Amino acid sequence: MKGKNWSLLVIAGTLVILGLFAGITAYIDPLFHYHAPLKQYSYPLNDERYQNDGIVKHFEYDALITGSSMCENFLPSEFDTYWGTKSIKVALAGGSFCEESRLVRLALERNPQVRYVLCSLDYSAMILDKDNVFEPELQPFYLYDNNPFNDVQYLLNKEMLVTKVYDVLHLTNIHGDTTTFDEYAYWSRDAVYGAEAVFNEYEWENAPCTEQTLTDEEHRMLMENIKQNIIETADAYPNVTFYYFFTPYSIGYWNMLFYRGELNKYFAAEKCVIEELLKCPNIKLYSFTNNFELTCDLDNYMDLAHFGSWVNRGILYWMYHDEYLLTMDNYEQYCTQVKEFYNNYDYETLRN
């Protein structure tokens with residue numbers, strides 16, 4: 066009997082301790098899974114795929130900026146100045162169209178006040194499966210669903226208690242402030258830019274490969290990707306204005322595609338995307354790929370694709386003033402212009 070009582074006592078004690086751990090995590094809620102930040106605490110924003118879900122569910126905003134790492138250097142305060150909004154930034158490094166769409170749909174379902182969505186269109190993410198996600202084995206899917214039972218992975222996660230909850234308590238204790246959305250995921254000031262940085266680990270090719278075309282399978286994948294993750298969302302929320310832009314990769318990126326024989330395949334894919342998105346009345350589509358002064362100046366870039374925050378500032382300015390806006394009247398001219406420029410560029414000069 067004593068043994069049985071001891072076992073019950075151990076079980077009860079264990080449950081109390083686990084309940085205490087779970088209660089602390091739920092109360093502080095460093096991932097905002099249950100509620101917005103508590104006013105008496107300061108919260109570090111430092112983990113996009115774990116915190117973005119809670120941010121779009123529980124924060125107050127009427128515009129959101131999302132997309133890949135190309136959007137991490139946007140300053141929501143600048144967006145707010147132009148558009149007169151209260152915006153949040155919930156970028157996803159390496160994000161696919163599917164991941165970005167999931168976040169946008171969740172935001173629009175939970176927050177009917179949203180007026181604007183700004184999102185990137187990465188060339189590298191176009192020809193992917195419609196359900197593609199970045200490193201799925203590392204995704205916290207238990208945060209995204211409505212199943213309360215798998216929240217145990219959050220509430221009884223030692224990492225959450227000893228790291229995430231501790232970070233909130235520590236930041237509060239040193240009288241720090243909750244991370245602003247301007248600072249959230251912002252990396253530009255720490256980067257190194259220029260030709261040496263762009264081509265630091267690039268392996269130069271000796272000659273271009275045989276030119277490839279957009280296959281029927283790739284075209285099918287592309288169309289399913291944009292239909293499911295962009296068009297269906299825009300159609301479902303006709304009162305929301307969606308600002309999409311093709312990310313202006315550097316001339317080094319187009320050099321890579323040229324030597325791989327993939328340059329015209331990606332321009333064909335881009336044209337398909339343009340023609341479909343221009344059919345949506347509440348999508349405003351921009352491309353800065355024909356801003357050749359920008360893309361050919363490697364001092365704007367830290368690698369083949371990532372650009373500094375001054376480019377993000379320029380993008381907001383251009384979009385607000387409808388510069389580089391693609392329309393039914395000008396998109397074919399744009400497609401011809403970029404195709405001719407990047408096909409005829411003297412890429413040998415980049416090796417110097």
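Counting from 66, one number per residue, gives the positions in the sequence shown under my numbering.
Glycine is no exception: its CB is placed at the ideal position from the N, C-alpha and C atoms.
For clarity, every value in this text was computed on a predicted model and none was experimentally measured.
Is the beta carbon of Val217 sitting closer than 9 Å to the one on Pro95?
no
Decide if Arg254 is buried, meaning its Cβ has at least 16 other Cβ atoms within 10 Å, or exposed.
exposed
Alpha carbon of Arg114 to alpha carbon of Gln204, nearest angstrom
7 Å
Ile120 to Val230, Cα distance in whole Å?
16 Å
C-beta contact flag for Glu170 and Asn304 at 9 Å:
Note that residue 170 is Arg in the sequence shown here, rather than Glu. Not in contact: Arg170 and Asn304 (Cβ atoms no closer than 9 Å).
Could you check if Trp21 is buried or exposed, using at least 16 other CB atoms within 10 Å of its CB as the buried criterion?
Nothing about residue 21 can be reported from this structure: the residues present for the chain run from 66 to 417 only.
Among Glu268, His371 and Ala333, which residue has its Cα nearest to the Cα of Thr401?
Ala333
Would you report the Cα separation of Ile316 and Asn238, rounded to the nearest angstrom?
47 Å
Selected residue, minimal CA-CA separation from Asp362, among Asn138, Tyr219, Glu165 and Ala260
Relative to Asp362, the option among Asn138, Tyr219, Glu165 and Ala260 whose CA is nearest is Ala260.
Here's a check: name, in chain order, each residue in its chain whose Cβ is nearer than 7 Å to the Cβ of Tyr99, leaving out the five neighbours to either side.
Ala91
Exposure label - Gln116; buried when at least 16 CB within 10 Å:
Buried: at least 16 other Cβ atoms inside 10 Å.
Residues in its own chain within less than 7 Å of Val198 by CB, not counting five upstream and five downstream?
Ser161, Cys163, Glu164 and Gln204
What are the boundary residues of the alpha helix (DSSP H) that Leu322 is part of?
Residues Ile316 to Arg325.
Note down the Cα distance separating Leu226 from Phe311, rounded to an integer number of angstroms.
Across the structure, Leu226 and Phe311 are spaced so that their CA atoms are roughly 40 Å apart.
Do you know offhand how far Thr243's Cα is from Met286's?
Between Thr243 and Met286, the C-alpha separation is close to 41 Å.
Is DSSP giving Ala128 helix, strand or coil here?
In the structure shown, Ala128 sits in a strand (DSSP, three-state: E or B).
Taking a contact to mean a Cβ-Cβ separation below 9 Å, would you say Ala87 touches Leu220 in this structure?
yes
For Cys337 and Glu388, I'd like the C-alpha separation in whole angstroms.
21 Å
Can you tell which of Met384, Glu358 and Asn408 has its C-alpha closest to the C-alpha of Val182?
Met384
Could you tell me the alpha carbon to alpha carbon distance between Val263 and Met367, rounded to whole angstroms?
5 Å
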